[in-house]
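Encoded as structure tokens, the structure appears first; notes follow it.
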Amino acid sequence: MRYTPLWDYFADAEKWGTGTSWQILVADYVSTTDGTGIVHQAPAYGEDDQKVCESYDIPVVLSVDEGARFLPLFGQPSPSGSTALAGIAGVQVFEANRTIINALKADGALIVEKSYVHSYPHCWRCRNPLIYRAITSWYVKVTEFKDRMSELNEQINWIPENVKYGQFGKWVENARDWSISRNRFWGSPIPVWVSDDPNYPRVDVYGSLEELKADFGRLPLNKEGQPDLHRPYIDELTRPNPDDPTGKSTMRRVEDVLDVWFDSGSMPYAQVHYPFENKDWFENHYPADFIVEYIGQTRGWFYTLHILATALFDRPAFKNVVSHGIVLGSDGQKMSKSLRNYPDVSEVLDRDGSDAMRWFLMSSPILRGGNLIVTEQGIREGVRQVMLPLWNVYHFFALYANAANKGAGYTAQVKYDSQHVMDRFILGKTRELVQQVTADMDSYDIWSACEHLRLYADALTNWYVRRSRERFFDEDPDAFDTLYTALVTVSKVAASLLPLTTEEIYRGLTGERSVHLADWPAAEDFADESELLSLMETVRAVCSTGSSLRKEKKIRVRQPLQSLTAAIANEQFAQLETAFGAKGADYFAKIVKDELNLREVILVNAQDANPADYGISQQLKVNARAAGPRLGKQVQTAIKASKSGDWTIADDGTVTVAFDTIDGGLALVDGEYELVTVVASSDDGTEREAAAVLPGGFLVLNIELTDELVAEGIARDTIRAIQQARKDAGLNVSDRINLTVSAPQDTLEALHTHEELVTGETLAVSLDLTEGESLTITVAKAA
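Heads up, the final residue of the sequence shown is numbered 782 in numbering that gives the first Met the number 0, and it's a clean run with no missing numbers.
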């Protein structure tokens, strides 16, 4: 490149306007918010600068070389005759500030000297400062076929789906020509030879070794005499320019190498040396079924694969792609080996296991394009939510199966047709799990697969097993076979998500070689229990809401309460018999009674129950801080209306206030209000009931405590302490005991009243009660 002295441009004022005036250039990216609105333009050192200057025919002039050292053009005198900058040639730009300032002083051109702190680019690997510098480059004309790239993007399944038209789709829509050359030594050499004489131009592009050998008579050889297409050996291939009649010009390879992203984008065919080899294989394996990389590759690998696939084959490079988020360290910054801002991997694997780490990553928002902060707490949470529940259920099954038949054990088998309601429930949930995870895996939605497995583990351990304990104690064969079936099936479904945990469970249950050699389960083997599952979810919702009311009123779980009235939606009420059997309402009520420790459950159809008849009403509370910025002065009107009852709730859930004072009222949005369910107090002002709203219904919980209820609560608290004493004594779950309890008088009276309950729950064949200052429990295995 021929370098023109900068002084020549500035000395010739005619280049910039009329006469001796200077012309101010205009650009949208400059504003007056950060300064004067006038900025320096250097077309060789910034993309925006180059675009602006090109529009005014200002040339690109390089003043530094590839090492950011000033070029010899600074050895020439300035228009004023100053040679102060002569010594700056060869000086690196980050070391030249003082020399430049001194030169400006010598020329009388320095207005003020001041330091500014600002950011500029650094190499992310070595942390060295960088500058922008214009270079020549080879391009792929992406702009000619970017519309076709958008069309082919329609055929790709993106996870998460929003990337398809979001980050990737918009990048493709605004695609520019792709610079594929780099001025480096290492890399894949660009196979282009050009004439070294511009008077006889010629460009040759080679696509095979045979073409190179035909033109140059040989292949490039390294020092060992082996063919080597890398630099410097390939640069030794030269030949006379066939288009030069003088025979003096030579065809020489351009010095650049290909951008590594061009290499990665060529991976699908380059890996099998297509089209020179494996042509049939490639045609039957392209596009790829599935690829995965982080979200930034929407502008990297995903993009380059898509460019080359469109240009070369007119089809996508991949059918399915998981574009995950960024893994961040515990400090919220990008995870870095140099910064060590993440838990020690060896410690995590030793303490929590590789399944815990695997689950943490696969069940996290990172597989939906979000970022993930790696913490020890997060890893352990996955252990608590899924791994331990599954393992504990397996341990529970093994414990009771081995204890069955007086220690002879129980040999369980796969069974899909138990008619017990709880068995039908978990088998129906298992069918649902197989269907959901199969669909999730087919669509590469790993996060959803993990979420469905987490919910299943919760239903298995916190509902089915907990509701079925007595059946296992009574050695019910249907219970054993059903739980065995559920565990074997969930092991197969979760095998790719928790490979080591499921391997242990599956081999322990079946004695077979490996869960990873087993067939994927078939959902059709299980009965469709969708109606029962829907109603059971209502049961669980009633229990969960009732439990929340207990916590709200600070009533412990083991304290019995008198009654609960549950009004459920009409369609749910109609399903009671078809889902639960002839006595469906009684079964519904029994579950709720057991779960919430109630004496009575009254089940009614919400269609026939008026909440007002149960003293239930709702109060509207307006959040002035949230609503104020939107409503302004009208927020006070909204508050008054909420207190006076001047508000309604539409069928779509919209809350509107102040009909009496404003035509049409004021509609509130989420966050601006809170709906509170309340129950009217009794005549003496005491609170005897608590209420909550359900989807399509409501609950009313009687929270009044009688002496009888308090006594039973004391007995149940004592039972809990006895069970702990059994455990501490190392007794088996089926061992009978002789029990001695020393306690204060009120506790003894409660135990006397509920002696049958205490002995039955604790397997006590004898109970000796004595008075004492505090509770003391002694257990001994009965003969």
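The C-beta atom is built at its ideal place from N, Cα and C for all residues, glycine as well.
All figures in this text were calculated on a predicted structure; none of them were measured in a lab.
- Distance from L531 to R423 at the Cβ level is roughly 6 angstroms; contact confirmed, criterion being Cβ atoms closer than 8 angstroms.
- No Cβ-Cβ contact shorter than 9 angstroms links L459 with C542.
- In the three-state DSSP reduction, A779 falls in the strand class (E or B).
- Across the set S533, L756, E770, A540, the C-alpha of S533 shows the shortest separation from the C-alpha of A573.
- When the alpha-carbon of I325 is set against those of K589, D351, T297, S345, the nearest one is in T297.
- With contacts defined by Cβ atoms closer than 9 angstroms, D354 and M386 form a contacting pair.
- Minimum Cα-Cα distance from Q618 among the listed residues D27, T676, A540, A742 corresponds to T676.
- Taking C-alpha positions only, F289 is separated from M250 by approximately 43 angstroms.
- Between the alpha carbons of I372 and V709 lies a gap of roughly 48 angstroms.
- Excluding residues up to 5 positions away in sequence, N277, W280, F281 lie with their Cβ nearer than 8 angstroms to the Cβ of V271 in the same chain.
- Counting only runs of at least 3 residues, the region 591-623 fully encloses the following beta strand (DSSP E) elements, listed from N- to C-terminal order: 597-604, 615-621.
- Listed as beta-bridge partners of V139 by DSSP are W177.
- Taking 8 angstroms as the upper bound for CB-CB distance, P190 and V202 are not in contact here, some 11 angstroms apart.
- Annotated three-state conformation of I100 is helix, per DSSP.
- A direct Cα-to-Cα measurement between L497 and D330 gives close to 28 angstroms.
- Judged by pairs of C-beta atoms under 8 angstroms, the region 398-413 touches the region 731-742, as three or more such pairs exist.
- P219 and A88 have their C-alpha atoms roughly 38 angstroms apart.
- In the three-state DSSP reduction, Q574 falls in the coil class, being neither helix nor strand.
- The criterion of a C-beta distance shorter than 9 angstroms is satisfied by W157 and V320.
- The beta-bridge partner set that DSSP reports for Q91 consists of R68.
- The alpha-carbon of A568 is positioned some 15 angstroms away from that of G583.
- When DSSP assignments are scanned along the region 474-511, the uninterrupted stretches of alpha helix (DSSP H) that are 4 or more residues long and fall wholly within it turn out to be 476-492, 498-509.
- Counting only unbroken stretches of 4 or more residues, the alpha helix (DSSP H) elements lying wholly within the region 255-281 are 259-264, 266-269, in sequence order.
- Scanning L665, S447, V634 for the CA closest to the CA of T647 turns up L665.
- Nearest neighbour of Y483 by Cα position, chosen from V392, D47, M266, D527, turns out to be V392.
- Just measuring C-alpha positions, the residue of Y341, R183, A316, I99 sitting nearest D255 is R183.
- Per DSSP, M334 lies in no beta strand (DSSP E) and is assigned neither H nor E.
- Annotation for V538: F587, I590, V591 place their beta carbon closer than 8 angstroms to its own, counting only its chain and skipping 5 residues before and after.
- Distance from the CA atom of R68 to the CA atom of V92, rounded to whole angstroms, is 6 angstroms.
- Taking C-beta atoms as the reference points, A691 and L508 fail to come closer than 9 angstroms.
- By the Cβ rule, the region 166-173 does not count as touching the region 115-130, because fewer than three pairs are nearer than 8 angstroms.
- Per the Cβ contact rule, the region 512-519 is in contact with the region 484-493 (3 or more Cβ pairs under 8 angstroms).
- In the structure shown, H121 falls within a strand segment according to DSSP collapsed to helix, strand and coil.
- The DSSP assignment places 387-402, 420-441, 445-458 as complete runs of the alpha helix (DSSP H) inside the region 387-460, in order along the chain (cut-off: 4 residues).
- With the rule of 3 Cβ pairs closer than 8 angstroms, the region 698-717 counts as touching the region 735-750.
- The closest CA to that of K620, considering only A649, T655, K50, E172, is found on T655.
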